[in-house]
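Working notes, structure below.
Numbering (the numbering used here), first residue to last: 18 to 236.
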């Protein structure tokens with residue numbers, strides 16, 4: 018991936034001075050740690066980072082405490098754990114109040130030329146996966162459900178990356194537990210469909226998409 022990684026002793030913040038390089042872009046710590054429950058001096062680590070380079074991103078995995086008890090600027094959280102607290106969600110989150118980083122993280126990567134990151138993907142990727150998302154034009158929940166129920170080849174399922182072709186409605190499936198207002202901010206609307214393309218014949222898949230999209234007109 019072209020990314021260099023250097024480790025340091027997080028319990029001894031001063032050791033960070035020895036490993037920060039001119040090309041360092043991100044520092045990642047976990048606090049408290051899993052399994053030893055070691056706490057990091059996050060303010061001190063932050064001071065050291067800023068002294069070297071104000072542009073370095075400082076991420077804290079604080080899954081054990083959550084941002085409720087510990088408030089790093091850029092937390093990484095496993096929402097499966099305390100943040101939801103009912104063992105009924107499989108999800109993670111990275112949050113920030115940095116507007117520039119926020120906008121850059123919004124995009125879902127794919128290999129279509131119309132995507133804003135296509136040129137970057139073309140330069141960095143040696144190939145692409147079968148994942149894609151799209152919006153039904155002038156769509157809503159009823160039209161999305163009509164599309165999914167009319168499909169004969171695409172299997173309705175939340176998984177991805179298998180030999181079979183799958184389709185899902187994220188707003189009503191994988192992300193149903195996220196507040197509608199939050200989904201809207203992320204661009205995850207009731208008209209967004211995610212596809213995981215499998216090994217079926219491409220012509221069969223295209224034909225199925227055509228007939229499923231045609232079924233929407235009745236709604």
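For every residue, glycine included, the Cβ atom is placed at its ideal position computed from N, Cα and C.
- Only residues of its own chain outside the window of five on either side were considered, and among them 150, 152, 187, 188 have a CB closer than 7 Å to the CB of residue 209, listed in chain order.
- With a contact defined as Cβ atoms closer than 8 Å, residue 58 and residue 49 miss out at about 12 Å.
- When DSSP states are grouped into helix, strand and coil, residue 53 belongs to the coil group.
- Scanning its chain for C-beta atoms nearer than 6 Å, with the 5 sequence neighbours on each side dropped, one finds around residue 37 the residues 69, in chain order.
- The C-beta distance from residue 180 to residue 215 rounds to 5 Å, short enough to meet the 8 Å contact threshold.
- Around the beta-carbon of residue 77, 16 or more other beta-carbon atoms lie within 10 Å, marking it buried.
- Residue burial is scored here from C-beta neighbours: residue 161 has at least 16 other C-beta atoms within 10 angstroms and is therefore classed as buried.
- With fewer than 16 other Cβ atoms inside 10 Å of its own Cβ, residue 64 counts as exposed.
- Under a 10 Å Cβ-count criterion, residue 27 is classified as buried, with 16 or more other Cβ atoms of the shown protein chains found around its own Cβ.
- In the displayed model, residue 150 falls within a strand according to three-state DSSP.
- Under the 10 Å beta carbon count, residue 156 is surrounded by 16 or more other beta carbons and is classified as buried.
- Beta-bridge partners assigned by DSSP to residue 75: 44.
- Membership of residue 185 in any alpha helix (DSSP H) is not indicated; the residue belongs instead to the beta strand (DSSP E) covering 183-185.
- Across the structure, residue 72 and residue 91 are spaced so that their CA atoms are roughly 13 Å apart.
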